[in-house]
Amino acid sequence: MKRGLYAITPDIPDRRKLLDMVLAALEGGLAALQYRCKSLEPSHQVSEAKALAAACRARGVPLIFNDNLELAMAAGADGVHLGKDDGDVAAARAKLKGKLLGVSCYNSLEAAASAVRAGADYVAFGSVFTSSTKPNAVRAELSLFADARALGVPLCAIGGITLQNAPQLVAAGADLLAVITDLFDAPDITARARDYARLFP
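For the sequence shown, the numbering used here begins at 4 and goes up steadily by one.
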């Protein structure tokens, strides 16, 4: 994965609007897009993810499916991102031949090392700041990014990221910035994505 903005889709009521929002973000420049949806039935998630995947592939951007390996495979996603309760990392790696596997490691360097040994392509730490999406999430110290550099995989920061605090994360060693609210609530999504992309020369 290249360094940059790792957009995560908002779970909004107006699903028809979502594709337009993603297209606007892609126009500004994304390293990856994660499809995250808790409000739709699995079959609808798969069909929506397929549409988003097509838009992403036209831009050369991988679509990562959040939490569910089976739905990721059904949707033809480019990979899956797993949390602590989303299944065994090594088992997922065995099924995802040639696809991306990301793992949430919260505030644990030990968990990140274990995930990489099991085949993770990148690891995520966070919440790095207070998050409106997950206000009770465990907080991760920025020093984790320097400590995790030796793992040899891209490091993703997530949680409460804004354009204002993002430079701290890039300086700390984050390769990917996972953003929902500050991107998709922006008055100009394309411009906001472009501003994030500029943080990664």
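Glycine residues also receive a C-beta, built at the ideal position from the N, C-alpha and C atoms.
DSSP three-state assignment for I15, whether helix, strand or coil
In the sequence shown, the residue the question calls residue 15 occupies position 12. DSSP places I15 in coil when its eight states are reduced to three.
Given R195 as reference, the closest of M4, A175, A10, C40 once Cα atoms are compared
Position 192 of the sequence shown holds residue 195. Among M4, A175, A10, C40, the Cα nearest to that of R195 belongs to A10.
Flag this pair as touching only if the segment 141-156 and the segment 168-176 have three or more C-beta atom pairs under 8 angstroms; answer yes or no.
yes
Could you tell me the distance, in whole angstroms, from the CA atom of A28 to the CA atom of L72?
In the sequence shown, residue 28 corresponds to position 25, counting from 1. In the sequence shown, residue 72 corresponds to position 69, counting from 1. Between A28 and L72, the C-alpha separation is close to 25 angstroms.
Can D70 and L55 be called in contact, C-beta distance under 8 angstroms?
Here residue 70 corresponds to residue number 67 of the sequence shown, with the count starting at 1. Here residue 55 corresponds to residue number 52 of the sequence shown, with the count starting at 1. Not closer than 8 angstroms, so no.
Can you tell me whether DSSP reads L85 as helix, strand or coil?
Taking the sequence shown and counting its residues from 1, one reaches residue 85 at position 82. Note: L85 maps to strand in three-state DSSP.
Would you say K100 and A78 are within 8 angstroms of each other, going by their C-beta atoms?
In the sequence shown, residue 100 corresponds to position 97, counting from 1. In the sequence shown, residue 78 corresponds to position 75, counting from 1. For K100 and A78, no; Cβs fall outside 8 angstroms.
Below 8 angstroms on the Cβ atoms is my guess for M4 versus L104; work out the distance and round it to an integer in Å.
Working through the sequence shown from its first residue, we reach residue 4 at position 1. Working through the sequence shown from its first residue, we reach residue 104 at position 101. At roughly 11 angstroms, the Cβ-Cβ gap does not stay under 8 angstroms, so M4 and L104 are not in contact.
Bridge partners for S107 per DSSP, in chain order?
Position 104 of the sequence shown, counting from 1, holds the residue named residue 107. A127.
Is the number of C-beta pairs between the segment 118-134 and the segment 150-163 that are closer than 8 angstroms three or more?
yes
Could you check what DSSP says for A121 in three-state terms: helix, strand or coil?
Against the sequence shown, residue 121 aligns to sequence position 118. Correct three-state label for A121: coil.
If D178 and R6 are in contact, beta carbons under 8 angstroms, what's the gap, nearest whole angstrom?
Taking the first residue of the sequence shown as position 1, residue 178 is located at position 175. Taking the first residue of the sequence shown as position 1, residue 6 is located at position 3. Indeed they touch by this definition, with Cβ atoms about 5 angstroms apart.
Entirely enclosed beta strand (DSSP E) segments - the segment 12-96, minimum 3 residues:
35-38, 66-69, 82-85
List the residues that DSSP assigns as beta-bridge partners of V182.
Reading the sequence shown from its first residue, position 179 is the one you call residue 182. Paired residue(s): A10.
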